Amino acid sequence: MEELDNHSLRLVMVYILCFLLFIGSASASEDFVSIACCADSDYTDPKTSVNYTSDFSFYPDKTSCLDTTKPVGNNAGRGKARVFYIDEGKRCYNLPTAENQVYLLRGTFPSDESLSKSPNSSFDVTIGVTSLGVVEKPPQDMELLEGIFRAKKNYIDFCLVKDEGSPYISLIELRPLDEEYLQDSPSSALKLIARNNLEANGDDIRHPLDKTDRIWKATSSPSSSPITSSNASISSHNANSTPPLQVLRTALTHPEKLEFIHNGLDRGNSKYRVFLHFLELNKSVTLGKRVFDIYVNGVIKEPKFDIFAGGSNYRQAVLNFSANGSLNLTLSKASGSENGPLCNAYEILKFIPWMQEANQTDTEVMLKVREQLLENNRGNEELERWSGDPCILFPGQHVVCDRLGGQLVITKLDLSSSNLRGPIPSSITELSNLRILNLSYNSLTGNIPLFPHSSLLTSIDLSHNDLTGSLPWSLPLLPQLKSLYFGCNKRMNKEVPTSLNSLANTDYGSCKAGEAGISQKHIIIGTVTCGLLLIILAIGILLGCNKRGKLVPWGTSDEKGYPRTTNLIFSLSGKDDFIFKSVSIQTFTLEYIEAATQNYKTLIGEGGFGSVYRGTLEDGQEVAVKVRSATSTQGTREFDNEVNLLSAIRHENLVPLIGYCYERDQQILVYPFMSNGSLQDRLYGEPAKRKPLDWPTRLSIALGAGRGLSYLHTFSGRSVIHRDVKSSNILLDHSMCAKVADFGFSKYAPQEGDSGASLEVRGTAGYMDPEYYTTQQLSAKSDVFSFGMVLLEIVSGREPLNTQRPRNEWNLVEWAKPYIRASKIDEIVDPSIKGGYHAEAMWRVVETALACIEPFSVHRPSMGDIVRELEDALIIENNASEYMKSIESLGGSNRNSIVMEKKMAAPSPSTTESAISPKTLSHPQPR
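With the working numbering applied, the sequence shown covers 227 to 1153.
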């Protein structure tokens, strides 16, 4: 009887525990958002007990749903995915959050060839406007992208941004998370790289065992010994980010050293955070018996680490560090320890700077504007593409935002010529920081809404619509308003309020006044002109047919396939008022390119865009032909950018564009062949290309490249920023003249009225401006930083980053600065030019480089200042060379001592004072 009672008691306890576990998991998952894309109905996952809802409330179109041939998530059979067949832009899921709460947000992207029409599909995934990563097609396995962020408002947008092919997704999971993950990191988010449950067998561990539904990947290692304890427990601890006990009850150990290696991380000294989890599973081990050192990439981070030093048998180590492409995490037995290291689990997360989003009120108002417009404009593709943050991800150039009180607010809304019908959305009046409103050239109807007297509007254009009623008498009285156009609204009341006379610019409702009106004469002229253009175009198309009747691109070739020069008009995208400039460039047929390169016979280089081949045009000119590869990380945007920019500018120190080909999805750029390769080749490239460069030649190259960049930064109309200045993008022609190349990432410098934020940061590891990377605020000083790195390369003959060197020499700046501060400049100079430079000229270049790489851009010089310093350095060097020649002609016995005194002496105090400094660069002094 007693045994029966004990048995019954145990059963009751089990039932109670199961009930409590169920209640706990249910309450823990109440704040979960779980979306199963294209699911036929809501369902509960049998393994995680998590409820999933379909995404039809976001996107009701079932034609974009596809069955996957492989399982998704925990589904044993086939899963489903939503595919967004869009030409441009993005698609977003708007998810509810609690302000200041930390969240985990995870997207699941299945591996299935049928999901994209493009074999090399890729798309960006963003949390809000912060890029989480890129999904590239086809992935080998189902891909998960997971980010951790702190909510700034009561919702977050999870977006897929099209690059190539069609974006697709299967699952979206939002989970509240503990504070520890983002401790001391208010302006950053984290991207998950790995979360490993060591020496685990079977399935991955997640909810309900992990209350936050983190996914712990089962991981083992044949070189380590496993430890398992099914009844281990934690005595006491304070960390809320502790893994579940099922994760901690397995571990790896080794008598001497545990090593975890992760390759394929992002290059460029990215910042990472690692959580290491330790639970002692051997009950005989106590304080002081298992002590080990923790290293990251050979650098000790936690010496003499003891699990019991935290007052419990569980302890967590949180490490912050930088890594460039790979991570070696090593736990090594400390001297005097009885036992080797042990580890139960670890997480690796990458810091990503959190990009500021638009003011929440403005975002909500813009969503209301969109909904009101869609009531009368169903099928308007541009309207239907509106989603996500209006300041960053808005399609086209409709919205301009400015910073106000630490937030982005909408200051300009331009919906002109958007084929809009129906009334003006009344919610537009709620944009409290709006200054410019342009709704002209639509078919808007109804009355003009009343704007509040607190409105900050300075310009309103409602002309060329079908509005009715009278102009509100209060509208001209808005305190900031200076311009008001409402002409060419034939059904509006012709009477206008006398308050209109107070405005500086208005058309008084007339259809002929100012820029708002188009006279009948103008219409006739425009119609005739368009007719003539159509006739000319038709003739051109007919002439473009060859004997076989095959059409070739307009202006490209005659019947033999030879190119024809055409005058084309281009403009660089990304600015409000385009600068148009007619420049003669050539377009080529694919057939002609293949003939010129002998079917791509001679490969001369590889880059981010693709392969570069040597060729010869019909006139005998040697060319470099850059062909975009199918696996290129750059796309049509970079191709168009380069064609547009190089069609608008010419300078002797910028590589000119001869022509291009865009045929059968091939994107090809043609440049003059640079017979002396790149500066990088000549400094430390392949041995076959590494021909010595003397110091005067290096100085001349630096000066030429500086002049090219200075021209870009002072370009007539608007400064152009290169964004990828590096030694491999400085090419050398037959006379060693430097020419800056590769403008695929170039942009116009931001101006007043532009949005302050930029969706993507571009550049190359080792050259990238840290301020630009951190703030996403682009300026010409970002190029200055990169150019400073190039100057250090020219002086030292070393690359900016090289992990093959000893640890203290990985980073060029960190290695060189101590020698420069100690005036030991000869220690950093390229051995091949030692004894061949004038000390003052060299110091000018080194000090210029240091000024360029100042951490804060405000302390850096302009390219114009840099060019002047390099000109002075070259004059000093040339004068010294002439002096040496005169000494050599004397043939005196003192010659060697004079040379050594003149060229190798450390700078005197006066020399150092005359060297460049941030102060002299900012305020150049007369010499």
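In this text, a Cβ means the ideal position worked out from N, Cα and C, and glycines have one as well.
Keep in mind the model is a prediction, meaning the values are calculated, not measured.
Looking only at C-alpha atoms, which of the options sits nearest to residue i?
i, options, result
"L435", "A420, H877 and K273", "K273"
"T684", "G930, M1068, N659 and I441", "N659"
"E844", "F814, D866 and K827", "F814"
"S1005", "L1027, I947 and R876", "I947"
"D615", "S283, T352, P996 and A324", "T352"
"I686", "T671, S642 and T694", "S642"
"V1084", "D293, Q586, F1011 and Q812", "F1011"
"V525", "A535, F971, N546 and C627", "N546"
"V361", "S337, G354, R376 and I382", "S337"
"Y998", "I1079, V625 and P322", "I1079"
"W1036", "N380, S548, K952 and C887", "S548"
"L557", "V517, K483 and Q582", "K483"
When burial is assigned at 16 or more other CB atoms within 10 Å of the CB, is residue i buried or exposed?
i, result
"F1082", "exposed"
"H679", "exposed"
"W921", "buried"
"I555", "The amino acid at residue 555 is misidentified as Ile; the sequence shows Leu. Result: buried."
"P1044", "exposed"
"K720", "exposed"
"K417", "buried"
"K973", "buried"
"L513", "exposed"
"I1046", "buried"
"R1165", "Given a span of 227 to 1153 for the chain in the structure shown, any question on residue 1165 remains unanswerable."
"A1048", "exposed"
"T753", "Any reading at T753 needs caution, since the residue's pLDDT is 42, under 50, leaving its predicted position unreliable; the model's value is listed next. Exposed is the call here."
"K288", "exposed"
"D1091", "buried"
"T823", "buried"
"S459", "exposed"
Helix, strand or coil, according to DSSP, for residue i in the structure here?
i, result
"C963", "coil"
"T923", "helix"
"Q893", "strand"
"Q1003", "coil"
"C264", "coil"
"W442", "strand"
"M994", "coil"
"Q598", "helix"
"P1057", "helix"
"R1094", "helix"
"N565", "strand"
"H503", "strand"
"G934", "helix"
"T454", "strand"
"V1084", "helix"
"Y1045", "helix"
"V1039", "helix"
"K306", "strand"
I'd like to know whether the C-beta atoms of residue i and residue j end up nearer to each other than 7 Å.
i, j, result
"W442", "N423", "yes"
"R493", "G551", "yes"
"F384", "Y319", "yes"
"G562", "P481", "no"
"S725", "P698", "no"
"V881", "L957", "yes"
"L502", "A477", "no"
"Y1071", "L1038", "Position check: residue 1071 holds Val in this sequence, whereas Tyr was assumed. Contact: no."
"T923", "M962", "yes"
"K316", "C264", "no"
"A964", "N1104", "no"
"S904", "H960", "no"
"R647", "N715", "no"
"P402", "D588", "no"
"G1023", "L909", "yes"
Is it a yes or a no for the segment 446-460 touching the segment 501-520, going by three-plus beta-carbon pairs under 8 Å? The segment 446-460, when compared against the segment 501-520, does touch it at the 8 Å Cβ threshold.
Is there contact here, the segment 929-941 with the segment 871-888, by at least three beta-carbon pairs under 8 Å? Yes, since at least three Cβ pairs between the segment 929-941 and the segment 871-888 fall closer than 8 Å, the two stretches touch.
Touch check for the segment 577-584 and the segment 399-419: three-plus C-beta pairs under 8 Å? Result yes; three or more Cβ-Cβ pairs closer than 8 Å.
Three Cβ pairs or more, each shorter than 8 Å: is that satisfied between the segment 389-401 and the segment 322-335? When Cβ pairs closer than 8 Å are counted between the two stretches, the segment 389-401 is seen to touch the segment 322-335, the count reaching three or more.
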